[in-house]
Amino acid sequence: MSDSPQNPYIASGQNAGPISRRVPSSISQTAMTGVVITLALASSVVVLSGILSYLTLSDFPEDQPLFQFGGNDLLFLIVGAAATILTVPIAAIVPQVMKKQATEQLRSADVDLPRPLNADSELPVEAKHFLGAMQTSAIIGQALFEGPAMMNAVLMMIDHNFAHLIFVAIGLVGILAQTPTAGRLTAAIEDASMPR
25 MSDSPQNPYI
35 ASGQNAGPIS
45 RRVPSSISQT
55 AMTGVVITLA
65 LASSVVVLSG
75 ILSYLTLSDF
85 PEDQPLFQFG
95 GNDLLFLIVG
105 AAATILTVPI
115 AAIVPQVMKK
125 QATEQLRSAD
135 VDLPRPLNAD
145 SELPVEAKHF
155 LGAMQTSAII
165 GQALFEGPAM
175 MNAVLMMIDH
185 NFAHLIFVAI
195 GLVGILAQTP
205 TAGRLTAAIE
215 DASMPR
């Protein structure tokens, strides 16, 4: 007799499907996860920038100003600025497109949300999928800001120009501005559940 193989890491009676573990169960859980991810992304930018600033200062030419906005060696600053400036519209558009798709999918499902809706309300499956899509769109938007911020931190060290920290700060603000808080998620799910 041959028994079918069983996953030893799943307790008996537990749903083995991917949906049960990957979809957030409440607004507060999604917000908490989003804040943790935001802090991780932001702290990586701050720590790397701090370390590279220290290393840059330890080997900094004495006759050179910290911030350079003119002269012949602006190639790295222009590249860093262009990367940051191009990121802003992309980081605004891509998450909005994802949110719009998730909103249309939730509206077409015609779900009944608990009233009043609070951060710990038990949500129907369709609303949980919406929260997952919102979380994904926030992470993508934040990652789009993190890349140029990290790149500018590295360019600062290569170029010995602390003007790159301006673009690091813009990236950091972009990461923090997209934090999926419980209030934002509640407003988004209520708006998405309204028929149009």
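For the sequence shown, this note's numbering begins at 25 and goes up steadily by one.
All C-beta atoms, glycine included, are put in the ideal place defined by N, C-alpha and C.
As the structure is a computational prediction, the values presented were derived from the model and not from experiment.
Nearest to T57 by alpha carbon, out of M218, A216, T205? Comparing C-alpha distances from T57 to each of M218, A216, T205 shows the shortest one belongs to T205.
Three-state secondary structure (DSSP) of H184: Coil.
Residue span of the alpha helix (DSSP H) that contains T111, given as start and end: Start and end: 99-133.
Check whether the region 126-145 touches the region 96-115, taking contact to mean three or more Cβ pairs, one atom from each stretch, closer than 8 Å. Judged by Cβ distances under 8 Å, the region 126-145 makes no contact with the region 96-115, as fewer than three pairs qualify.
Counted within 10 angstroms of its Cβ, other Cβ atoms place F100 as buried (16 or more) or exposed: Counting Cβ neighbours within 10 Å, F100 comes out buried, since at least 16 surround it.
Buried or exposed by the 16-neighbour rule on C-beta atoms within 10 Å, applied to E146: Under this definition E146 is an exposed residue.
Under 8 Å: do the region 177-185 and the region 72-88 share three or more Cβ pairs, one atom per stretch? Touching, yes, given that three or more Cβ pairs across the two stretches are closer than 8 Å.
So Q166 packs on Q202, CB below 8 Å; how close in whole Å? Contact flag correct, Cβ pair sits at about 5 Å.
Secondary structure at M158, three-state DSSP: helix, strand or coil? If DSSP states are grouped into helix, strand and coil, M158 belongs with the helices.
From which residue to which residue does the alpha helix (DSSP H) around T57 run? Counted as a single uninterrupted DSSP element, the alpha helix (DSSP H) harbouring T57 occupies residues 51-82.
Given a threshold of 16 other Cβ atoms within 10 Å of its Cβ, counted over all protein chains shown, does Q159 qualify as buried or as exposed? Around the CB of Q159, 16 or more other CB atoms lie within 10 Å, so the residue is classed as buried.
Okay, do the region 204-219 and the region 103-113 touch, 3+ Cβ pairs below 8 Å being the bar? No, the region 204-219 is not in contact with the region 103-113.
How many whole angstroms separate the CB atoms of S90 and F191, which I take to be in contact at a CB cut-off of 8 Å? A quick correction: the sequence has Leu, not Ser, at residue 90. Wrong, their Cβ atoms sit about 15 Å apart, outside the cutoff.
Can you list, in chain order, the residues of its chain whose CB lies under 6 Å from that of P148, leaving out five sequence neighbours each side? Its chain contains V135 as the residues whose beta carbon lies nearer than 6 Å to that of P148, once the 5 sequence neighbours on both sides are disregarded; these appear in chain order.
For L155 versus I51, is the C-beta distance shorter than 9 Å? Contact flag set, yes.
When DSSP labels each residue in this structure, what does S145 get in the three-state scheme? In this structure, S145 counts as coil in the three-state DSSP scheme.
Have a look at H184, I102, Q125, A157 and flag the residue whose alpha-carbon is nearest the alpha-carbon of P85. Here the closest residue by C-alpha is H184.
Around the C-beta of V69, are 16 or more other C-beta atoms found within 10 angstroms, so that it is buried, or is it exposed? With 16 or more other Cβ atoms within 10 Å, it is buried.
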